[in-house]
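In the working numbering, the protein residues as written are 530 to 632.
A short worksheet on the structure shown next.
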Amino acid sequence: MSQAALREADGGRWRLSGVLDFASVPVVWPDLQRALSGQRSLTLTLDGVERSNSAGLVLLVEAIDAARTAGCALELADIPDELLDLARMSNCVDLLGAGDAVS
Numbered sequence: 530m531s532q533a534a535l536r537e538a539d540g541g542r543w544r545l546s547g548v549l550d551f552a553s554v555p556v557v558w559p560d561l562q563r564a565l566s567g568q569r570s571l572t573l574t575l576d577g578v579e580r581s582n583s584a585g586l587v588l589l590v591e592a593i594d595a596a597r598t599a600g601c602a603l604e605l606a607d608i609p610d611e612l613l614d615l616a617r618m619s620n621c622v623d624l625l626g627a628g629d630a631v632s
């Protein structure tokens, strides 16, 4: 398992990868805040996330809130099933914009 990392993939698209847990989320959060600042829109691709717990879910919810506050349209793409399951159990799938992805 690898450490969480945020990397710019191409214009307006960023890729989050590694393990999102209580240790890694505080490390990657400042990078995500910087990526969101000054953007009108941003796509965050999550296909590189290997594992996540509730801290990863909180990271995404906070990112959505920070983007909204900054006037940035944030789209989450390729949300792993593990995170979708957590979101469903927490009744916050709609917050992630993934309502159709989970039945």
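We treat Cβ as the ideally placed atom computed from N, Cα and C, and that holds for glycine.
Own chain partners of residue i with C-beta closer than 7 Å, once the 5 adjacent residues on each side are dropped
i      : result
Ala584 : Leu549, Asp550, Phe551 and Val554
Cys601 : Leu565, Gln568, Arg569, Ser570 and Leu571
DSSP bridge partner residues for residue i (one or two, in chain order)
i      : result
Arg580 : Val548
Glu591 : Per DSSP, none; premise fails for Glu591.
Ala570 : What sits at residue 570 in the sequence shown is Ser, not Ala. DSSP output for Ser570 lists Ala602 as bridge partner(s).
Arg542 : Asp539 and Thr572
Close beta carbons around residue i, own chain, < 6 Å, minus the five adjacent residues each side
i      : result
Arg544 : Arg536, Ala538, Thr574 and Gly577
Ala606 : Thr572 and Thr574
Val590 : Leu624
Glu611 : Ser581
Ala534 : Ser546 and Gly547
Unbroken alpha helix (DSSP H) run spanning residue i, endpoints
i      : result
Ala564 : Val554 to Leu565
Leu535 : Not the alpha helix (DSSP H): Leu535 falls in the beta strand (DSSP E), residues Ala534 to Asp539.
Leu625 : Run containing Leu625: none; DSSP gives neither H nor E here.
Enclosing beta strand (DSSP E) for residue i [first to last residue]
i      : result
Leu603 : Ala602 to Ala606
Minimum C-alpha distance to residue i - residue among the options
i      : options                           : result
Pro559 : Leu586, Ala595, Val622 and Arg617 : Ala595
Gly541 : Asn620, Thr598, Glu604 and Arg597 : Glu604
Met618 : Ile593, Ala592 and Leu586         : Leu586
Ile593 : Leu561, Asp614 and Ala534         : Leu561
Environment of residue i [buried if 16+ CB atoms lie within 10 Å]
i      : result
Val557 : buried
Asn620 : exposed
Proximal residues to residue i (C-beta, below 8 Å), its chain only, five neighbours per side dropped
i      : result
Glu579 : Met530, Ser531, Ser546, Gly547 and Val548
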